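Student:
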Amino acid sequence: MSITMAVNAGSSSLKFQLFEMPQETVIAKGLVERIGLNDSIFQLEYGNDQEVKVVEDIPTHDRAVEILFHHLEEYKVVEQFDDITGVGHRVVAGGELFKESALVTDEVIAAVDELGEFAPLHNPAEAAVMRAFKERLPKATMAAIFDTSFHTTLPAVNYLYSLPYEYYEDFKARKYGAHGTSHSYVSRRAAEMLGRDYHSMKIITCHLGNGASITAVENGKSVDTSMGFTPLAGVTMGTRTGDIDVSLMPFLMKKLGITDVSEMVNILNKKSGLAGISGVSSDMRDIIAARDAGNERAKLAYEIFVSRIQKYIGQYIAVMNGVDAIVFTAGIGENSSVVREDVINGISAFGATIDSERNNTRKEAIISTEDSRYVVLNVPTNEEVEIAREVERLK
Ligand code: ADP
692 MSITMAVNAG SSSLKFQLFE MPQETVIAKG LVERIGLNDS IFQLEYGNDQ
742 EVKVVEDIPT HDRAVEILFH HLEEYKVVEQ FDDITGVGHR VVAGGELFKE
792 SALVTDEVIA AVDELGEFAP LHNPAEAAVM RAFKERLPKA TMAAIFDTSF
842 HTTLPAVNYL YSLPYEYYED FKARKYGAHG TSHSYVSRRA AEMLGRDYHS
892 MKIITCHLGN GASITAVENG KSVDTSMGFT PLAGVTMGTR TGDIDVSLMP
942 FLMKKLGITD VSEMVNILNK KSGLAGISGV SSDMRDIIAA RDAGNERAKL
992 AYEIFVSRIQ KYIGQYIAVM NGVDAIVFTA GIGENSSVVR EDVINGISAF
1042 GATIDSERNN TRKEAIISTE DSRYVVLNVP TNEEVEIARE VERLK
C-alpha cells in the first residue's frame, strides 16, 4: 500500500490526513490541539467511523508527532511505517524564495525556519514538524507546500506597498498573501467545471473560512490577493481585522495603556473581526443565528463581512479589467448560501445574480442565473488532496 500524509502544523496544532494513493482515498485523519498547553487533545478518525480521543499534556510539536506515530501503530491505521511513502507539509510563509513546492532537505528546513521572521507563529512549528517526520520516515518523499507560492506571480504593481522602496530591497517588506493552495485548486477546478481554458480566464476566488482571502487569478496566475505581508490584511475575518489604518495603532495603544506593539497586533489578529464587532462569536453560524434573533451588533458584523468582500470583488474586476467567474469556497463560502447570495446580488450591477435553486447546495455547482454576464460557482476546497497531489508530482 502506498500512503501519502498531508500535514498542517499551526502554532499550537497539528492536523493530518492519510490518503491511499493514487486513488486519493482518505484512510484516516485527525488533529492535535493545544500543543504547549495543559490538557492537549489528540483526535483520530479511521476505518469505518472509528474515533479516538486522548487528552494529555503535549508540550512540543516533536512530542505531538511522536504521539501521532504511536497511535497510528496502536490502532493499526498503517501496517508498517514504510507504507507511508509520501508526506506533504503545508508551510505558511515561503517568502520570495519558494515559488513552488520543494522537496524537504536540511537546507529547506533551515530556510523555512529562517522565514519565521514573516510568520513567527507558524514557520518554526512547521520546521520542527518536518524535522520530526524526517527522523521517523527517512525513506519517504517529503515535500513542503507553501501557502504563498501561488501568489509569487503577483506583479510588483500589486505586491509593493507605497513605502520607501529600500524597505522592499533591504528587508523584503511586501505583500505575500496566503491560502495559495486553496485559491489555486478552486480556480483550476472552476475552469474545468466550465470546460474552459484556465489560461485564458479572469477568475476571482473567495476563500471564506475563519481566515478569509480574495484572489484575482488571470490566465492561470495569481495577480492580486487580499492578504498582505501577513494574513492580517484584507477582508474582515473571524477574529482578524482585515485592512485598517495603521495610525489607529499608536492611538489605541495610548488609550489602552499598551506599550508592546505585539500586544496590539495580537488584538488585531485574535480579538477583532466578526468576534470583535459582534461581541458574540468568531463563528459565522453563531453570527447569523444571533442576527436572526435580533442582535444588532451581529447584524452589523455580518453586513461588514459581506461589504468588505464586495469591495474586494470590485477592486479585482478593476485589476483584471473584467471577470469571467467568481468562486466561493472554504467553511463559509461552501456552506452559506445566504452569504453567497448577499455578496453577489448586492453587486448585481457587475452583471450576475444568484439562482436561488442552484445556490441551495454545499457541493460543486454553478450558482448564477443563466443570463448572468459572468458565472458564479461553489467549489468546495480540498487543500489536503492538493498537498498529497503535489507530493505525488514531486516523487
Ligand atoms: P479555517 O479557516 O479554520 O479552516 P473553515 O474553512 O473551516 O475555517 O471555516 C470556518 C467557518 O465556516 C466558521 O466561521 C463557520 O461558522 C463557517 N461555517 C461552517 N458551516 C457554515 C454554515 N452552514 N453557514 C455559515 N457558516 C458556516
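Residue numbers (our numbering): 692 to 1086.
Where a beta carbon is used, it is the ideal one built from N, C-alpha and C, also for glycine.
Note that the structure is a prediction, hence the values are computed from the model and not measured.
1) Rounded to a whole number of angstroms, what is the C-alpha to C-alpha distance between Phe760 and Met696?
2) Could you name the residues that DSSP lists as bridge partners for His780?
3) Does the beta-carbon of Ala697, which I'm using as the reference point, lie nearer than 7 angstroms to any heavy atom of ligand 1?
4) So, helix, strand or coil for Gln771, using DSSP?
5) Which runs of the alpha helix (DSSP H) spanning at least 4 residues fall entirely within the region 891-922, listed in chain order?
6) Given a threshold of 16 other Cβ atoms within 10 Å of its Cβ, counted over all protein chains shown, does Val746 qualify as buried or as exposed?
7) How is Ile649 classed by DSSP in three states: helix, strand or coil?
8) Under the assumption that Gly929 contacts Gly985 (Cβ atoms under 8 angstroms), give the Cβ distance between them as a whole number of angstroms.
9) Identify the continuous beta strand (DSSP E) that holds Val1066 and give its terminal residues.
10) Ignore the nearest five residues each way along the sequence and tell me which others in Lys863's own chain have a CB closer than 7 angstroms to its CB.
11) Excluding the 5 residues flanking Met892 on each side, which residues of the same chain have their C-beta closer than 6 angstroms to its C-beta?
12) Three or more C-beta pairs under 8 angstroms: does that hold for the region 886-903 against the region 1018-1031?
13) How many whole angstroms separate the CB atoms of Glu736 and Gly721, which I take to be in contact at a CB cut-off of 8 angstroms?
14) Spatial neighbours of Leu845 within its chain, please: CB distance less than 8 angstroms, with the 5 preceding and 5 following residues excluded, ordered by chain position.
15) May I ask you to verify whether the region 696-705 touches the region 812-826, counting CB pairs closer than 8 angstroms and requiring at least 3?
16) Restricting to runs no shorter than 4 residues, where is the alpha helix (DSSP H) found entirely within the region 992-1036?
17) Can you tell me whether Gly948 is buried or exposed? The criterion is at least 16 other CB atoms within 10 Å of its CB, across all chains shown.
18) Bridge partners for Ser1059 per DSSP, in chain order?
19) Just to confirm my understanding: we take Thr843, look at its own chain, exclude 5 residues before and 5 after, and list those with CB closer than 6 angstroms. What are they?
20) Looking only at its own chain, which residues have a Cβ that is under 8 angstroms from the Cβ of Glu1083, when we skip the five neighbours before and after it?
21) Just confirm the distance between the C-beta atoms of Phe837 and Ser878, as a whole number of angstroms; I'd bet it's less than 8 angstroms.
22) Ligand 1 and Ala924: does any heavy atom of the ligand fall closer than 7 angstroms to the residue's C-beta?
23) For Gly1042, count neighbouring Cβ atoms within 10 angstroms of its own Cβ and tell me buried if that reaches 16, exposed if not.
24) Taking only heavy atoms of ligand 1 into account, decide whether any of them is closer than 7 angstroms to the Cβ of Ile935.
25) Looking only at its chain, what residues have a beta carbon closer than 6 angstroms to the beta carbon of Met940, apart from the 5 residues adjacent to it on each side?
26) Would you identify the three-state DSSP class for Lys945, choosing helix, strand or coil?
27) Glu1055 and Pro1071 - do their beta-carbons sit closer together than 8 angstroms?
28) With the cut-off set at 8 angstroms, would you say Glu1061 and Tyr876 are in Cβ contact?
29) Is it the case that the CB of Arg976 approaches a heavy atom of ligand 1 more closely than 7 angstroms?
30) Rounding to the nearest angstrom, what Cα-Cα distance links Glu724 and Lys825 in this structure?
31) Over the uninterrupted beta strand (DSSP E) stretch that includes Glu736, give me the two end residues.
32) Would you grab the beta carbon distance between Ala810 and Thr921 for me? Rounded to a whole angstrom, and I think it's under 8 angstroms.
33) Would you check whether ligand 1 has a heavy atom nearer than 7 angstroms to the C-beta of Asn1069?
34) Any heavy atom of ligand 1 inside 7 angstroms of the beta-carbon of Ile1017?
35) May I ask which residues mark the beginning and end of the beta strand (DSSP E) holding Lys706?
36) So is the beta-carbon of Ala1021 under 7 angstroms away from any non-hydrogen atom of ligand 1?
Tutor: Here's the rundown:
1) Per the coordinates, the alpha-carbon of Phe760 lies some 12 angstroms from the alpha-carbon of Met696.
2) Residue pairing by DSSP places His780 opposite Val698 and Ala835 in a beta bridge.
3) False, no ligand heavy atom lies under 7 angstroms from that Cβ.
4) Correct three-state label for Gln771: coil.
5) Secondary structure remark: continuous alpha helix (DSSP H) runs of at least 4 residues inside the region 891-922: none found.
6) With fewer than 16 Cβ atoms within 10 Å of its Cβ, Val746 is classed as exposed.
7) Residue 649 is absent from the structure shown; the chain starts at 692 and stops at 1086.
8) In fact, because the Cβ distance is near 22 angstroms, the residues do not count as touching under 8 angstroms.
9) Where Val1066 is concerned, the enclosing beta strand (DSSP E) stretches over Val1066 to Asn1069.
10) Excluding sequence neighbours, Lys863 sits near Gly786 and Glu787.
11) Same-chain partners within the cutoff: Ala882 and Asp1015.
12) Short answer: they touch.
13) A Cβ-Cβ distance of about 6 angstroms is found for the pair Glu736 and Gly721, placing them in contact under the 8 angstroms criterion.
14) For Leu845, where only same-chain residues beyond five positions count, the Cβ hits under 8 angstroms are Lys866, Gly868, Ser913, Val914, Asp915 and Thr916.
15) Between the region 696-705 and the region 812-826 there are three or more inter-stretch CB-CB distances shorter than 8 angstroms, so the stretches are counted as touching.
16) Within the region 992-1036, the complete alpha helix (DSSP H) runs of at least 4 residues are 1021-1026 and 1028-1036.
17) Per the 10 Å Cβ criterion, exposed.
18) Bridge partners of Ser1059: Ile1045.
19) Lys790.
20) Residues of the same chain with a CB within less than 8 angstroms of the CB of Glu1083, apart from the 5 flanking positions on each side, are Thr695, Met712, Pro713 and Gly777 in chain order.
21) Rounded to the nearest angstrom, the Cβ distance from Phe837 to Ser878 is 17 angstroms, too far for a contact under 8 angstroms.
22) In this structure, Ala924 has its beta carbon at no less than 7 angstroms from each heavy atom of ligand 1.
23) The residue is exposed, with fewer than 16 neighbouring Cβ atoms inside 10 Å.
24) No, Cβ of Ile935 sits at least 7 angstroms from all heavy atoms of ligand 1.
25) The residues are Met955.
26) DSSP places Lys945 in helix when its eight states are reduced to three.
27) Going by C-beta atoms, Pro1071 is nearer than 8 angstroms to Glu1055.
28) For Glu1061 and Tyr876, no; Cβs fall outside 8 angstroms.
29) Yes, Cβ of Arg976 sits closer than 7 angstroms to a heavy atom of ligand 1.
30) Approximately 22 angstroms, taken between the alpha carbons.
31) Start and end: Ser731 to Tyr737.
32) That belief holds up - the Cβ atoms of Ala810 and Thr921 are roughly 7 angstroms apart, short of 8 angstroms.
33) No, the Cβ of Asn1069 stays beyond 7 angstroms of every heavy atom of ligand 1.
34) No, the Cβ of Ile1017 stays beyond 7 angstroms of every heavy atom of ligand 1.
35) Secondary structure note for Lys706: its beta strand (DSSP E) is the uninterrupted segment Leu705 to Glu711.
36) Yes, ligand 1 has a heavy atom inside 7 angstroms of this Cβ.
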